[in-house]
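I have placed the structure first, in the form of structure tokens, so that the comments after it can refer back to it.
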Amino acid sequence: MRMSRMFGHTLREAPTEADTPSHALLLRGGYIDQLMAGVYSFMPLGHRVKRKIEQVIREEMDGAGAQEVTLPAIQPAELWDQTGRRAAMGDVLFQLTDRRERELALGPTHEEVITRLFADHAVSYRDLPVTLYQIQTKFRDEARPRGGLIRVREFTMKDAYSFDADDAGLDVSYNAMFEAYRRIFARCGVPTVPVQADSGAIGGKGSQEFIFLTNIGEDTIILCDTCTYAANQEKAEFVRPSSIAGDGQPIEEVATPGVTSIEALAEFLGIEARQTAKAVFFIATRHSKDAPDEVFPVFAMTRGDLDVNEVKLANALGGVELRPMVDSEVASYGIVAGYASPVGLRADVRVVADLSLVDAPNLVAGANKAGFHLRNVNHGRDWQAAVIGDIVSAQAGHGCARCAAEGREGHLRAERGIEMGHVFRLDYTYTTKMNVSVQDASGGQLTPTMGCYGIGVGRILSAAVEAHFDDNGIAWPAEIAPYDVHLVGIGLDRDAEAAADAEALYAELTAAGFEVLFDDRDERPGVKFNDADLLGMPVRLTVSSRNTKAGVVESKARTAAEAESVARAEVVAHVRALRDQAIAECSVERIEAIARRPSLA
RNA sequence: CGGGGCAUAGCUCAGCCUGGCAGAGCGCUGCGUUUGGGACGCAGAGGCCCACAGUUCGAAUCUGUGUGCCCCGACCA
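Taken in order, the first sequence gives residues 45 to 645; the numbers are from the numbering used here.
Structure representation (structure tokens):
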């Protein structure tokens with residue numbers, strides 16, 4: 045590609061809307077353009093990167109035995125009613141109506157469509173196992189798009205779905221995808237950590253996310269500093285700091301005027317936070333397919349040094365939807381905010397207690413009376429939880445549960461991260477809801493078990509930049525760079541010999557199978573070098589009259605500190621060696637070795 | 001969905017307080033000089049000042065109502 049003909053210009057200054065390095069560099073380089081909140085165009089350079097990423101994904105999916113399909117992006121809304129997900133997705137689902145008033149949805153994901161497709165065409169156990177995938181545009185009306193391509197409303201996703209006869213088969217399919225994902229992220233130069241994750245509204249049992257650790261991330265990840273345990277904070281298990289032991293003392297009221305926070309309470313009474321109890325209140329809604337929604341108040345209790353995690357709480361209640369109570373609701377249930385107490389609480393309020401409260405005697409809790417707390421509150425004696433479970437977030441410094449189980453001591457740390465991919469064991473969730481079965485070997489019917497596996501293509505693109513840039517611009521990983529070589533011609537309009545040399549080299553490299561961006565513009569050297577650094581091709585070659593006269597070409601890897609002179613006849617072999625080396629740098633071993641390093645960006 | 005900020009040329013921004021011809025730098029076009037890390041001179045092109053309503057002789061500027069975008073939080077298959 046001749047740069048003089050390439051659509052788009054580089055910018056010296058990043059548009060103000062960019063607040064992350066990757067977003068700013070992609071805009072400055074003319075890779076992407078924003079049409080509206082969370083909706084982007086890919087310009088020629090960005091489109092090439094996107095295609096390269098898709099190519100890597102295709103190779104790995106095909107290599108893992110998956111078959112590519114294309115599913116419709118526009119879907120009948122009633123398909124989403126079959127699984128109850130039209131309601132569960134809420135406003136995130138883009139909905140529209142066609143000319144016949146039929147309700148439609150733009151696909152945010154394709155479990156329903158693929159399950160239907162499978163049901164229509166798979167007839168016997170001989171059709172199993174099968175894994176289908178597509179690379180396609182998804183639509184999700186996110187409440188708040190952000191971070192350039194990180195959270196958008198229209199995006200390209202690779203989604204794959206596996207169907208197996210039994211759990212053992214699902215394990216095989218799941219593991220094949222898991223391993224393919226490791227190679228995909230490595231080849232794209234994005235270091236990721238597999239973490240245990242909550243399955244959320246998609247359902248199923250068990251999932252893992254591939255997380256790119258970066259301080260611009262929107263998820264909080266808990267990692268052990270001793271073993272390889274890593275989990276999303278919504279899921280992370282941990283060892284609770286111990287409670288202070290003691291025999292149950294008589295309950296007593298204590299005046300605590302104006303003391304409404306745990307910190308203030310602990311300071312006022314001269315005790316530790318773990319000697320207190322705190323509560324938060326929610327309204328829970330339980331959706332069910334065949335019955336009206338059940339709505340009930342929830343009073344979530346935990347020890348004062350821990351924080352309630354809404355996802356864990358919702359799971360403890362068997363998968364309900366939660367929202368915080370508003371002040372008027374708090375009052376209507378007889379709860380005094382700031383001094384809330386489980387002691388003597390109205391019976392219609394469901395009390396959920398964290399595990400930390402089971403063996404925590406003599407806590408200070410609210411008296412449910414403004415200005416007063418109760419000392420020596422004991423679970424089981426003074427109050428009783430309807431549900432006891434893990435409903436709090438792991439925090440940095442907590443003990444690692446896996447290490448503890450294996451007789452080691454490990455401590456957790458917290459990092460920010462971006463979800464690059466997610467693999468789920470869906471189990472029989474969708475095949476059951478949609479009544480899918482195939483004939484088994486003995487003539488009976490068999491309900492297949494499913495897995496689903498997603499990767500965000502745009503997120504890989506952004507994360508690759510986030511992981512590979514410097515003060516001057518992007519440094520693309522070899523396999524996803526828009527071009528292999530950035531060929532810079534200096535002063536070609538003044539030196540016919542050098543110009544011919546550059547043209548010849550352009551042709552030679554192209555003939556050798558390299559993709560070359562040839563800067564043939566009539567610009568000063570500084571402009572060209574700066575653009576080359578900004579755009580970030582792995583190798584820069586410079587042809588000038590000086591070099592041509594000396595029979596050399598100057599070569600500089602984007603990540604190298606210095607340029608080197610290469611004999612003209614050796615250039616193609618030299619570029620090939622650089623490329624092989626750059627690809628080797630994105631091996632699974634090398635990329636994963638740095639993945640757990642805190643906050644790369 | 002709550003809170004905050006912003007909206008003027010392709011990009012970065014002045015001008016607004018105190019109403020009176022629409023501005024600068026970069027970028028873009030032409031010509032000339034220059035040519036190894038974002039050159040210089042000359043001449044140009046480029047605007048529904050987010051929209052609508054109001055106040056006024058007169059609105060980018062003042063008032064009101066919207067809309068859009070960004071950030072924080074909630075949400076996130």
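For glycine and all other residues, C-beta sits at the position ideal for the given N, C-alpha and C.
Chain-order list of residues whose beta-carbon lies under 6 Å from that of residue i (same chain, five-residue window excluded)
i	result
glutamate 61	none
glycine 52	Gly74 and Met87
valine 93	Leu505, Ile524 and Pro526
aspartate 398	Thr346, Ile435 and Val436
alanine 317	Ile306, Ala310, Gly348 and Asp349
methionine 45	Leu561
Sequence-distant residues of the same chain with beta carbon closer than 7 Å to residue i, five excluded per side
i	result
threonine 300	Leu309, Phe312, Gly415, Phe416 and His417
serine 85	Ile76, Asp77 and Leu79
alanine 163	Met478 and Val480
valine 610	Val596, Val597, Ser599 and His618
aspartate 426	Ile295 and Val387
glutamate 297	Ala411, Phe416 and Leu418
isoleucine 432	Ala397, Leu399 and Val402
valine 239	Gln252, Glu253, Ile255, Ile265, Ala274, Ala275 and Asn276
isoleucine 627	Ala522 and Glu523
alanine 404	Ser287 and Arg347
lysine 322	Ile306, Thr346 and Gly348
Cβ-Cβ separation, residue j to residue i (assumed contact under 8 Å), whole Å
i	j	result
phenylalanine 513	proline 65	6 Å
tyrosine 152	aspartate 208	The amino acid occupying residue 152 in the given sequence is proline; tyrosine does not appear at that position. Not quite, the Cβ-Cβ distance comes to about 25 Å (not below 8 Å), so this is no contact.
methionine 464	isoleucine 435	With a Cβ gap of about 28 Å, methionine 464 and isoleucine 435 do not count as contacting.
isoleucine 266	valine 237	Not a contact, Cβ separation roughly 11 Å.
leucine 69	valine 632	With a Cβ gap of about 26 Å, leucine 69 and valine 632 do not count as contacting.
threonine 270	arginine 452	6 Å
glycine 533	aspartate 575	That pair is no contact at about 13 Å.
leucine 578	valine 560	Their Cβ separation, rounded to whole angstroms, is 18 Å, which puts leucine 578 and valine 560 out of contact at 8 Å.
valine 587	aspartate 545	5 Å
lysine 413	valine 380	6 Å
Closest by C-alpha distance to residue i, when choosing among the options
i	options	result
glutamine 252	Asn359, His53, Val509 and Ile499	Ile499
leucine 89	Ile524, Pro569, Leu536 and Val610	Ile524
valine 339	Leu361, Gly348, Ala555 and Ala323	Leu361
glycine 557	Ala540, Leu585 and Val616	Val616
leucine 55	Lys572, Pro238, Gly378 and Val237	Lys572
phenylalanine 199	Asp291, Phe183, Gly192 and Tyr205	Phe183
isoleucine 346	Gly410, Val100, Ala132 and Ala224	At residue 346 the sequence reads threonine, which differs from the isoleucine that was named. That would be Gly410, whose Cα lies nearest to the Cα of threonine 346.
alanine 224	Gly107, Val402 and Asn420	Gly107
phenylalanine 468	Gly250, Pro521 and Leu456	Gly250
threonine 159	Thr554, Val482 and Asp371	Val482
alanine 613	Thr181, Thr592 and Asn420	Thr592
arginine 231	Gln126, Lys96, Asp242 and Ala375	Lys96
alanine 438	Ile518, Glu541, Lys279 and Gly233	Lys279
threonine 273	Asp545, Ala449 and Met45	As written in the sequence, residue 273 is tyrosine, which differs from the threonine given in the question. Nearest C-alpha to tyrosine 273: Ala449.
leucine 150	Ala639, Glu122 and Pro235	Glu122
leucine 137	Arg146, Gln119, Glu145 and Leu407	Gln119
arginine 620	Ala485, Val421, Ala430 and Val529	Val529
valine 473	Arg129, Asp135 and Gln99	Checking the sequence shown, residue 473 turns out to be threonine, not valine. Considering only alpha carbons, the answer is Arg129.
Own chain, CB closer than 8 Å to residue i, minus 5 neighbours either side, in chain order
i	result
valine 196	Gly82, Val83, Tyr84, Glu186, Pro189 and Gly502
phenylalanine 326	Pro341, Val342, Ala344, Glu354, Leu357, Leu366, Arg367, Pro368 and Met369
tyrosine 177	Met105, Ala110, Gln111, Glu112, Val113, Lys202, Asp203, Ala204, Tyr205 and Tyr497
alanine 551	none
leucine 622	Pro582, Val583, Ser599 and Ala601
arginine 641	Pro235 and Leu257
Continuous beta strand (DSSP E) assignments of at least 3 residues falling wholly in the stretch 355-397: Correct list: 365-368.
Inter-stretch contact (C-beta, 8 Å, three-pair minimum) for the stretch 476-494 and the stretch 144-162: yes
Stretch pair the stretch 456-470 + the stretch 259-269: three plus CB contacts closer than 8 Å: Using a C-beta cut-off of 8 Å, the stretch 456-470 makes contact with the stretch 259-269, since at least three inter-stretch Cβ pairs fall below that distance.
3-residue-minimum beta strand (DSSP E) runs that sit fully inside the stretch 492-554, ordered along the chain: Listed in chain order, they are 493-500 and 529-533.
Stretch-stretch touch, CB-based, cutoff 8 Å, three pairs: the stretch 428-447 with the stretch 275-286: Counting Cβ pairs under 8 Å, three or more are found: they touch.
Stretch pair the stretch 519-539 + the stretch 576-583: three plus CB contacts closer than 8 Å: Yes, the stretch 519-539 is in contact with the stretch 576-583.
Unbroken stretches of the beta strand (DSSP E), 3 residues or longer, contained in the stretch 228-296: 237-241, 251-257, 263-268 and 274-276
Beta strand (DSSP E) runs wholly inside the stretch 581-636, at least 3 long, in chain order: 583-587, 596-601 and 608-611
Runs of alpha helix (DSSP H) wholly within the stretch 93-140 (minimum 4 residues, chain order): If we require 4 residues or more, the alpha helix (DSSP H) runs fully inside the stretch 93-140 come out as 121-126 and 129-133.
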